[in-house]
Amino acid sequence: MLSVVLGAFAAHGLKSRVSDYALGIFKTAAEYQMVHGLGLIAIAILIKWGMNLSWAGGFFIAGILLFSGSLYLLALTGAKWLGPITPLGGVCFIIGWTILLVQAARYKF
1 MLSVVLGAFA AHGLKSRVSD YALGIFKTAA EYQMVHGLGL IAIAILIKWG
51 MNLSWAGGFF IAGILLFSGS LYLLALTGAK WLGPITPLGG VCFIIGWTIL
101 LVQAARYKF
């Protein structure tokens with residue numbers, strides 16, 4: 001839900017306050033947060049089915065904080081030092097998806 005609020009904020013509240021480039025960065029952060037928030041919901045459901053996905057969920061959360069968080073701050077502050085943090089979040093997303101796919105492939109439906 002937070003990603004929806006932030007996306008709406010970008011569309012209506014930020015448009016006149018930041019550059020188009022910064023607005024695009026902010027929207028990218030909101031999109032990735034939304035996708036991985038939905039991924040966390042799916043993980044919670046799959047854990048109830050008995051799949052071992054707590055690590056995947058942890059990596060999704062770390063990815064949201066590092067990837068989306070650094071992009072939000074970069075868009076709002078222009079702090080260039082945040083740039084190297086963003087790929088670390090992307091790596092967390094990749095690890096989380098890999099764990100999810102491996103566990104799904106092993107699961108007996």
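So for the sequence shown, the UniProt record's numbering puts the first residue at 1; every next one is plus one.
We put the CB at the ideal spot given by N, CA and C, even for glycine.
Measure the C-alpha to C-alpha separation of Ile47 and Ala56 and round it to an integer number of angstroms.
Here residue 47 refers to the residue found at position 47 of the sequence shown. Here residue 56 refers to the residue found at position 56 of the sequence shown. Those two C-alpha atoms are separated by around 11 Å.
At which residue ranges does the region 30 to 63 contain complete alpha helix (DSSP H) runs of 4 or more residues, listed in the order of the chain?
54 to 63
Measuring straight from C-alpha to C-alpha, what distance separates Gln33 and Asn52?
The residue given as residue 33 occupies position 33 in the sequence shown. The residue given as residue 52 occupies position 52 in the sequence shown. Rounded to the nearest angstrom, the two C-alpha atoms are 22 Å apart.
Rank Gln103, Ile85, Leu76 by C-alpha distance to the C-alpha of Tyr21 and give the top, closest one.
Here residue 21 corresponds to residue number 21 of the sequence shown, with the count starting at 1. The shortest Cα separation from Tyr21 among Gln103, Ile85, Leu76 belongs to Leu76.
Under the rule that 16 or more other beta-carbon atoms within 10 Å means buried, what is Ala44, buried or exposed?
Counting from 1 along the sequence shown, the entry for residue 44 is found at position 44. It counts as exposed.
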